[in-house]
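All residue numbers for the sequence shown refer to our numbering, where the first residue is -10 and numbers rise by one.
Quick reminder that beta carbons are idealized off the backbone N, C-alpha and C, glycines included.
Read through the structure below, which is laid out as C-alpha cells, and then see the notes.
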Amino acid sequence: MSERPYQSPISPGRSYYEDSVAARPRHPPLQGDASADVAIIGGGFTGLSAAVHLARAGVSTILLEAHRLGDGASGRNGGQFGTGNRLWPEEIEPQIGLERSRLLFALAQEAKQHVLDFAAEHAIEADIAAGQLSVIHRRRFADDYRRHADRMAEAYDYPHLSWHAPSGLAPLLGSTAYHGGLRDAGTYHLNPLKLLIGTARAAQAAGARLHEDTHVDRIRRTGSGFALDTPHGIVTASRVLMATNAHGGTLDAAAAAHIMPIRSYMVATQPLDDPQSVLPGGEAVDDSRFVVRYFRKSADGRLLFGGREAYMSGDGDIAGPILRQIAEIYPHLAATGVTHAWGGSVGITMTRMPYVAVPQPGLTVLGGFSGHGVMLSNYFGRLYAQAVCGGEDRLLAYRDLRVPAFPGGRRFRNPLLFLAMSWFSLRDRL
Ligand SMILES: Cc1cc2nc3c(=O)[nH]c(=O)nc-3n(C[C@H](O)[C@H](O)[C@H](O)COP(=O)(O)OP(=O)(O)OC[C@H]3O[C@@H](n4cnc5c(N)ncnc54)[C@H](O)[C@@H]3O)c2cc1C
C-alpha cells in the first residue's frame, strides 16, 4: 500500500516543493530527558542555521521541532532573496540615521552572500538563479522607484538596480501589465525546501541533535538555565533560542505580542508549454501592491505565483483567486492547469523590521522577518551562533531597533490588523 503524501498540519495545502525533492529525511521525536548547552525551538531556516553553526563550533545543541523540519514558512515560501530588509533603507533612514541604516543594509548583503556560500560549501543543489524585477502597478510610483535606484547606488554602494520603462520591461516580464520597474542584477531566488533539507543534513553531520514531532509546551527558568517541557521528556539547557517565528503561539508572551502571523498563498502551474513566454531571463518578480504579488519560474518551467493573503478568515479557495491574478498579468495562461496550491504563515512586525529580542538573560527570540526572511533568517541563525561562541553580537544592530508590540494585545490586534489590511488591499485595487 502506498503511503499517503505528507501534509503539514500547520500550513495549508501540499506545496510544489514537496514534490520537487526525494522523500524528506525523518528525525525521531525526543523520548526521555536530555540536556545541551543550547536548545533551539523551531526547525525552520533560523533554527537549523543556528544549529549548524553552533554544532560546528563544538557547542552541544539540541533542536526541537513540533512537526517536521520546514513545515512552517521555510519549506514552502516564494524563495526570493530580495535585497536589504523589508523596508527600503531610505524609509528607515529618517528614524535611525544614515550610518545605522547602512549597517543594516550591509548585514543584509552579507546574508545574501552567506546563503550562496553555505549552499556551495555543503553542495546543496537548491536551484539558485539570479535576478529580480520589482515592478510598479501604478504609474505614479515610477519616480519613487527611480529615486530608490539612485539612492542605493549613491549612499549604499549598491549599483545593481536599473530602471526599465514599460517598453523595456515588457520583454523581460513577457507581459505589458506593469508600468515599469527595477531590475536587480545583484540578487537571487531558490527552491527553499532544497536549502532547508541541505541545512538539516549539515546540522546533523556537525553533531546537532534534531527532533521532529516534539512540541515545546513550556519554557521554565531554572537556577542555572532553562527547562523545556515536551510531551515525552524535559530538555535542560543554559541557553534557549526561540526560532518559532509566526508559529510561536503563547510560548513566550513578548514574542507573541511582537510577531503576528498572516497567511500568504501560492500556486504552481503545470510546466508551461512555452516557458520562454514568461520571464525569459529567469528573474523573480515582486510588485508594488500592498498585498504583494510575487512570482518566478521553477527549475522545471512552472510558474510559481504568490498573491492572496488572509488575516482572519479561513484559507478558503487558494487556487481560484490566484489564477485570476495570473490571468491579469499573463492572459495566455488563464486556462493553464494548477498542480499545487498551498499557503503558509508569515511572521510580520509592526515596523516590518525583524524582531530580535532577549526577553530574559539566556533566552533569545529571532523572527518577524515580515516576508523577507529567506536570506535574513539563515544569516541570523549564524550570527546568533557566533555571539554564543563569544564572538561579537552583531544582531545588536537589529535588537537596538526596538520594534514595538502590536496595539490591541493578542486578542484585539487581529481585528485591528484586518481593518488596516483591508483598507490597504482596497487601495491596491483603486
Ligand atoms: C507563502 C510564503 C511565501 C514567502 N515568500 C518569501 C519570499 O519569497 N522571500 C522571503 O524572504 N521570505 C518569504 N517568506 C517568509 C520566509 O519564509 C520566512 O521569513 C522564513 O522562512 C522564517 O523562517 P523561520 O525559521 O524563522 O520560521 P519557520 O520556518 O516558520 O519555522 C518555525 C518553526 O517553529 C516550529 N515551532 C513553533 N512552535 C513550536 C513549539 N512550541 N515547539 C517546537 N516547534 C515549534 C514550527 O513548527 C515551525 O516549523 C514567505 C513565507 C510564506 C509563508
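So is the beta-carbon of residue i under 6 Å away from any non-hydrogen atom of ligand 1?
i	result
D69	It is worth fixing the name first, because residue 69 is Gln in this sequence and not Asp. Indeed, a heavy atom of ligand 1 lies less than 6 Å from the Cβ.
F34	yes
R204	Per the sequence shown, residue 204 should be read as His rather than Arg. Checking every heavy atom of ligand 1 against the Cβ of H204, one is found closer than 6 Å.
A28	no
D60	yes
T233	yes
E54	yes
G362	yes
G424	With the chain covering -10 to 419 only, the question about residue 424 has no answer from this structure.
L217	no
V335	yes
N66	yes
M255	yes
H236	yes
L240	yes
S266	no
F358	yes
G31	yes
S366	yes
S4	no
S(-3)	no
If you follow the beta strand (DSSP E) that residue i is in, where does it begin and where does it stop?
i	result
D276	273 to 276
S24	23 to 30
H153	150 to 153
Q349	344 to 349
A119	118 to 124
I217	The amino acid at residue 217 is misidentified as Ile; the sequence shows Leu. Taken as a continuous stretch (DSSP letters only), the beta strand (DSSP E) holding L217 covers 215 to 219.
R210	207 to 210
Could you check how far apart the C-beta atoms of residue i and residue j are, in whole angstroms? I think they sit under 8 Å.
i	j	result
A118	G271	5 Å
Q100	N367	The amino acid occupying residue 100 in the given sequence is Ala; Gln does not appear at that position. Sure, about 7 Å apart at Cβ, within 8 Å.
G61	G33	5 Å
F215	A28	7 Å
P343	L365	6 Å
Provide the residue span of the alpha helix (DSSP H) that contains residue i, from first to last.
i	result
A308	308 to 318
T35	34 to 45
H420	Absent from the model: residue 420. The displayed extent of the chain is -10 to 419, so no value can be given.
T188	181 to 195
S227	Unbroken run through S227 is the beta strand (DSSP E), 222 to 231; no alpha helix (DSSP H).
Y134	131 to 144
G420	Past the boundaries of the shown model lies residue 420; the chain is included only from -10 to 419, so the question cannot be answered.
For residue i versus residue j, is the C-beta spacing smaller than 7 Å?
i	j	result
G120	Y283	no
I307	F294	no
L352	V229	yes
S266	G157	no
R172	L122	yes
L185	G64	yes
L53	I30	yes
A44	T35	no
G332	Q259	no
A166	I318	yes
G370	A109	no
H426	R75	Because the chain in this structure spans residues -10 to 419, residue 426 falls outside the shown range and cannot be described.
H149	A174	yes
Y6	L182	yes
A197	H111	no
A288	D116	yes
Using only the heavy atoms of ligand 2, determine whether one of them is closer than 6 Å to the beta carbon of residue i.
i	result
H361	Summarising the ligand content, the structure contains ligand 1 and does not contain ligand 2.
Answer with yes or no whether the minimum CB distance from residue i to chain D is below 7 Å.
i	result
H168	Absent from the structure is chain D; it holds one protein chain and no more.
Pairing CB atoms from the segment 241 to 255 with CB atoms from the segment 328 to 346, are three or more of them under 8 Å? yes
Counting Cβ pairs, one atom from each stretch, are 3 or more of them under 8 Å apart for the segment 194 to 203 and the segment 120 to 127? no
With a threshold of 8 Å, are at least 3 pairs of Cβ atoms found where one atom belongs to the segment -5 to 2 and the other to the segment 17 to 29? Cβ pair count under 8 Å is below three, so no.
Three or more C-beta pairs below 8 Å linking the segment 273 to 288 and the segment 379 to 399: Under the 8 Å Cβ criterion, the segment 273 to 288 does not count as touching the segment 379 to 399, having fewer than three qualifying pairs.
Pair every Cβ in the segment 133 to 147 with every Cβ in the segment 78 to 85, then say whether three or more of these pairs are closer than 8 Å. yes
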